[in-house]
Structures are given as C-alpha cells and as structure tokens.
Amino acid sequence: MHHPCQVLADLLTIKEKKGGLKDIRLAYIGDGNNVANSLIEASALTEIDLVLACPKDHAPDAGIYETARSEGAKVKLLI
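Whatever position you read off the sequence shown (first residue = 1), add 1247 for the working numbering.
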C-alpha cells in the first residue's frame, strides 16, 4: 500500500460509525494520489464498493486499478 496508515484509519472510522464494512459505498473525489491508490488496494481486501472521481491528468495508477479489479474489487473510476 502507498499510504496504509491513512487507509487503515479511514476503514476503522467507517467500521466504528457504521458497524462494519459490509454494504458500504465510499466516494473519493480528488487526484489519484497515494491515498487513492491505497483505497483501491483496500477495496480488493474488503467488501467496500469504491467510487473514485479524479481529473484525467491525475488518475490513479492503472496497474493498481487493474490488479484490484482482477482480484474482485468493486471499484469504479470516473475521469
């Protein structure tokens, strides 16, 4: 992961506030930086439905995105 502490903190907050990670849709709006890449990786390991909206010139790493999708991640990328 590119930014594991941030993603773990985000997932813990969601779990504490929502009671778990099942049936959660998480929206990320911003550039495809290290946090976005880590959220993509985390979505492959959890039941989170992740939607990312990023500028075309600042998209997340295509390799990370494709690998996560091939591992069953529910990730949608809006550019």
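The C-beta atom is built at its ideal place from N, Cα and C for all residues, glycine as well. Since we're looking at a predicted model, the values are computed, not measured.
- Message: Within 10 Å of its beta-carbon, does Leu1259 have 16 or more other beta-carbons around it, so buried, or fewer, so exposed?
- Response: exposed
- Query: Any idea which residues DSSP pairs Ala1274 with across the strands?
  - Reply: Val1298
- Message: On the CB-based measure, 16 or more other CB atoms within 10 Å of its CB, does Ala1256 come out buried or exposed?
- Response: exposed
- Item | Beta-carbon proximity check, Glu1313 vs Ala1291, cutoff 8 Å | no
- Taking the CB atoms as reference points, tell me whether Gly1279 and Pro1251 lie closer together than 8 Å. no
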